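One structure below.
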Amino acid sequence: MSQSPSRMLDRWMSAGMLAPALLLVGVLVLIPSVLAVVGSFYEFGITSQNWVFVGLSNYARAMADPVFWTALKNNIFLIIGSIITQVGLGTLFAALLDRGVRRGNTFYRTIIFMPVIISSIAVAFVWILIFDPNVGPLNAVIKGIGLTPPRLGWLGDPNISLYMLLVIAAWQNVGFQMVLVLAGLQAIPKELYEAAALDGAKGWRAFVHITLPGIRNVLMVGTLICIIGGLKVFDLVFVTTGGGPANATQVIGSYTYLQAFTLGNMGYADALSVILLVVALGFGWLQLTLSRRG
Amino acid sequence: MLMMPRMRALVAAATLATLAGGSALAQDAVTIKMWTLDNTGYPEFIAQAAEEFKKTHPNVTIEHQTFPGDPYKTGLQVALVGSDGPDVFFNWSGDDAKRLAKDGLALDLTSYADAPGAFGTTVGEGYLDAFRYDGKLYGVPADAVSKYVFYNTAYFAEHKLEVPKTLAELGTLCKAIRTIDPNTVPMPLGNKTRWKAIHWMTMLNERELGVDGTAADYDLSRPADELYTDAGYAKAFQDLLDLQDAGCFEEAPNATDYTVADTMFSSQASPMEFCGSWCISGFETAGFTDVGFFRLPVVDGGRGDAGANFLVPEGFQVSAKTAHPQEAVDWLSFLVSDDQAAKFVEYTKFMPSNPAKIDTVEGVSPLFKELAADVGTFTQGVNVLDVLLDAAVSEAYLNATVEVLNRTMTPDQAVEAIRKVALEAQAKAAS
Numbered sequence: 000m001s002q003s004p005s006r007m008l009d010r011w012m013s014a015g016m017l018a019p020a021l022l023l024v025g026v027l028v029l030i031p032s033v034l035a036v037v038g039s040f041y042e043f044g045i046t047s048q049n050w051v052f053v054g055l056s057n058y059a060r061a062m063a064d065p066v067f068w069t070a071l072k073n074n075i076f077l078i079i080g081s082i083i084t085q086v087g088l089g090t091l092f093a094a095l096l097d098r099g100v101r102r103g104n105t106f107y108r109t110i111i112f113m114p115v116i117i118s119s120i121a122v123a124f125v126w127i128l129i130f131d132p133n134v135g136p137l138n139a140v141i142k143g144i145g146l147t148p149p150r151l152g153w154l155g156d157p158n159i160s161l162y163m164l165l166v167i168a169a170w171q172n173v174g175f176q177m178v179l180v181l182a183g184l185q186a187i188p189k190e191l192y193e194a195a196a197l198d199g200a201k202g203w204r205a206f207v208h209i210t211l212p213g214i215r216n217v218l219m220v221g222t223l224i225c226i227i228g229g230l231k232v233f234d235l236v237f238v239t240t241g242g243g244p245a246n247a248t249q250v251i252g253s254y255t256y257l258q259a260f261t262l263g264n265m266g267y268a269d270a271l272s273v274i275l276l277v278v279a280l281g282f283g284w285l286q287l288t289l290s291r292r293g
Numbered sequence: 000m001l002m003m004p005r006m007r008a009l010v011a012a013a014t015l016a017t018l019a020g021g022s023a024l025a026q027d028a029v030t031i032k033m034w035t036l037d038n039t040g041y042p043e044f045i046a047q048a049a050e051e052f053k054k055t056h057p058n059v060t061i062e063h064q065t066f067p068g069d070p071y072k073t074g075l076q077v078a079l080v081g082s083d084g085p086d087v088f089f090n091w092s093g094d095d096a097k098r099l100a101k102d103g104l105a106l107d108l109t110s111y112a113d114a115p116g117a118f119g120t121t122v123g124e125g126y127l128d129a130f131r132y133d134g135k136l137y138g139v140p141a142d143a144v145s146k147y148v149f150y151n152t153a154y155f156a157e158h159k160l161e162v163p164k165t166l167a168e169l170g171t172l173c174k175a176i177r178t179i180d181p182n183t184v185p186m187p188l189g190n191k192t193r194w195k196a197i198h199w200m201t202m203l204n205e206r207e208l209g210v211d212g213t214a215a216d217y218d219l220s221r222p223a224d225e226l227y228t229d230a231g232y233a234k235a236f237q238d239l240l241d242l243q244d245a246g247c248f249e250e251a252p253n254a255t256d257y258t259v260a261d262t263m264f265s266s267q268a269s270p271m272e273f274c275g276s277w278c279i280s281g282f283e284t285a286g287f288t289d290v291g292f293f294r295l296p297v298v299d300g301g302r303g304d305a306g307a308n309f310l311v312p313e314g315f316q317v318s319a320k321t322a323h324p325q326e327a328v329d330w331l332s333f334l335v336s337d338d339q340a341a342k343f344v345e346y347t348k349f350m351p352s353n354p355a356k357i358d359t360v361e362g363v364s365p366l367f368k369e370l371a372a373d374v375g376t377f378t379q380g381v382n383v384l385d386v387l388l389d390a391a392v393s394e395a396y397l398n399a400t401v402e403v404l405n406r407t408m409t410p411d412q413a414v415e416a417i418r419k420v421a422l423e424a425q426a427k428a429a430s
């Protein structure tokens, strides 16, 4: 029952073609991940050669660290906020462009999608300027219409700075969600709407009973993208607020960076990364379970 | 045919000579990789110095790379641990430089310092001490930065304003400027990246407690039950709040970038700014010449010394991994030699660690010369908190200052938060 030479060749070819990708993933993802797990049981600094085994104490430290909980809460806030603003607005824009807007459809689609292709760092810098309390246009507009801008600044007030990050993230990513949903909408057969209309189902009822089920999988993908984005967010926070004011916008990514590179607690930073991985796996499992249940 | 053996011999000899010469060249060619901040004038200064250095060290090539300040510290640490780090690099004296020395990443330069023409013979002991840890030298001091309150002399003259002698008078001055025009920010702070206000706290702590009064808290050597318990620390925070209440700063200092604050002063929208000696080149670039300066005034009843002022020595360290320690030290010694120190002033407008020829420098503004002369009269240098303190305590101080300015923490709560972290750092250092 030996395999035919051509089948053997196929298998070797497949293995050979997969090898570079597997090697890259191994070197760049798997090995660092394993090292992070190992490092989380030690105390060491980035420039220190002296690793001291501390068991689970880095994890215990995280559980007792109020900034860790603030950061985790902020991650979850950004996930939920992103789903509402990005998936929600993306769906709204897609629906408007699919059915509501008759002229200039491509123009609007391009305008809304444009921020997606701009680097996150550039986006952050543009918004820093917009939010600047001294020279930014937003304060000028707010004052111009007779309102009072926040006394501590849009990014300096711990009570609103996280919401401002959500605004920036939504501005940048809503176009991507819109394109996803639009593709889903355009895949729904028009006949379904015609048949529903004959049965008296129009507008909201047609949206709930035809459109939503039709784009369910697309919305799941959009939600998953928001969850992943909300968990691994770093650049936006790092550039705009640096996690401040006084840790108010800290997320796990920026707090890990702070611990590793500013405070020199590499072991603790590793533990934070591992916790983030576990949280991400938890969200992944939840997502999978919910989608299987339909 | 008779020529063939001779030809072969010639070819063989030529080949051998080429190979021998080539290998000698390859052996001698040295590249020194250097990392610095991207300060104004630095690339030009290093480029001309590298050309000059080549005259005496023809085999040495300097490969200079510059980086912005904020990510520099992180990038440097990662590079030094890795295999492709710089041979020589800029660093601030203080906790960072000390940590690299302690972790074996910075080369001990003690044995190189006093060779003929080496940096130990051109730079004063006071500067050298800034990079001395456990009795060993771990850096070549190149310059020092200070901070002053810069002010618009034309504006002051027009409105008949006087330079304040105390901190309370500074507050009164801010109120007077607000009276002239409520929309004028007297001295923008720009604390978005947090280091601007920590510079204020550095000096306010000195003005309230004096250098000697803070030293044992800063190096965590004070007994635990007394650590950061001096009422002067809370008073220093209150001084900052008093200035804020007097309208000195912009409305949202923690949301304003330092570049905006710098521009507000150099564009003459604001008449004062507490800024570093490095700011002079920015004023000159903006064509703003009506600039005077004064030290941050003393506090009534404070234990500080009017002669003490902000002073942070900076310099270069050599990587312990460098394959060319002698060439690296030769290069750094060359940078702080009399002639190059003068060039350093000319290009960067920084105060050099070797001032031997500072008077000969052309193209330097009277403001710079006046400021450099003032630095020479300091009775004590005050090192900045975010460089001097243990990293965790420094982080706590940075955050506490933000919270105090935002009024989400009182001065007492801020000091208590700092004390808590300082106690943890002290216990960790003792274990």
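Protein chains in written order, with numbering that gives the first Met the number 0: chain B, 0 to 293; chain Y, 0 to 430. Heads up, the beta-carbon is just placed ideally off N, CA and C, and yes, glycines get one too. As the structure is a computational prediction, the values presented were derived from the model and not from experiment.
With three or more CB-CB distances shorter than 8 angstroms, the segment 34–46 of chain B counts as touching the segment 264–281 of chain B. Only P148, P149, R150, L151, G152, W153, L154, G155, D156, P157 and S160 from the segment 148–178 of chain B bring a Cβ to less than 9 angstroms from some Cβ of chain Y.
If you ignore the 5 residues before and after B:I251, its C-beta comes within less than 7 angstroms of the C-beta of A70, L71, N74, L271 and L275, all in its own chain and listed in chain order. Among the residues of chain B, those whose CB is under 8 angstroms from the CB of Y:N253 are L151, G152, G155, G243 and P244, following chain order. Of the candidates B:I187, B:I144 and B:V238, B:V238 places its Cα closest to the Cα of B:L164. B:I75: member of the alpha helix (DSSP H) spanning P65 to S81, first to last residue. From the listed residues Y:A355, Y:G380, Y:K342 and Y:D337, the smallest Cα separation to Y:V363 is found for Y:K342. Think of a sphere of 8 angstroms around the beta carbon of B:L262: the chain Y residues whose beta carbon falls inside it are A390, A391 and E394, in chain order. Y:G314: member of the beta strand (DSSP E) spanning A307 to V317, first to last residue.
DSSP places Y:S145 in no alpha helix (DSSP H) but in the uninterrupted beta strand (DSSP E) bounded by V139 to N151.
Counting along the chain, the unbroken alpha helix (DSSP H) around B:T222 starts and ends at R215 to K231. DSSP places Y:A105 within a strand segment (E or B) once states are collapsed to three. At a Cβ-Cβ threshold of 8 angstroms, Y:A129 and Y:S92 count as neighbours. Note that the C-beta distance between Y:Q316 and Y:Y137 is below 8 angstroms. Under the Cβ distance rule, B:V134 counts among the residues neighbouring chain Y, one pair being separated by less than 8 angstroms. B:V277 has its alpha-carbon roughly 46 angstroms from the corresponding atom of Y:T39. Taking C-beta separations shorter than 7 angstroms and ignoring five residues to either side along the sequence, the partners of Y:A223 in its chain run L422 and Q425, following chain order.
By the neighbour-count criterion, in which 16 or more other beta carbons inside 10 Å mark a residue as buried, B:A245 falls on the buried side. Bridge pairing for Y:V297: Y:T165 [DSSP]. Around Y:V401, the beta-carbon contacts reaching into chain B at under 7 angstroms are G243, P244 and A245. In the three-state scheme derived from DSSP, where H, G and I count as helix and E and B as strand, B:F92 is classed as helix.
Contact between Y:D102 and Y:H323 does not hold, since the beta-carbon distance rounds to 21 angstroms and is not under 8 angstroms. If you ignore the 5 residues before and after Y:L388, its C-beta comes within less than 7 angstroms of the C-beta of D94, Y217 and Y396, all in its own chain and listed in chain order. Below the 8 angstroms Cβ cutoff, chain Y contributes D102 as neighbours of B:S47, in chain order.
A Cβ-Cβ distance of about 6 angstroms is found for the pair Y:V381 and Y:V210, placing them in contact under the 8 angstroms criterion.
Around the beta carbon of B:E193, a 10 Å sphere encloses fewer than 16 other beta carbons of the protein chains shown; the residue is thus reported as exposed.
For Y:N90, the uninterrupted beta strand (DSSP E) segment begins and ends at V87 to W91.
For Y:D289, same chain residues with a beta-carbon under 7 angstroms away, outside a window of 5 residues either side, are N151, T152 and A153 in chain order. Within the segment 71–93 of chain Y, those residues whose Cβ lies closer than 8 angstroms to any Cβ of chain B are, in chain order, K72, T73, Q76, V77, L79 and V80.
For B:D131, a Cβ of chain Y is located within less than 8 angstroms of the residue's own Cβ. B:V232 and B:T46 have their alpha carbons spaced roughly 26 angstroms apart. For Y:F273, the three-state secondary structure derived from DSSP is strand. When only Cα atoms are considered, B:S13 and B:V220 end up about 29 angstroms apart.
The beta carbon of B:N138 lies closer than 7 angstroms to those of P132 and P148 in the same chain, with the five residues before and after it left out. Annotation: B:K201 is outside any alpha helix (DSSP H) and is labelled neither H nor E by DSSP. Y:P187 and Y:F282 have their C-alpha atoms some 15 angstroms from each other.
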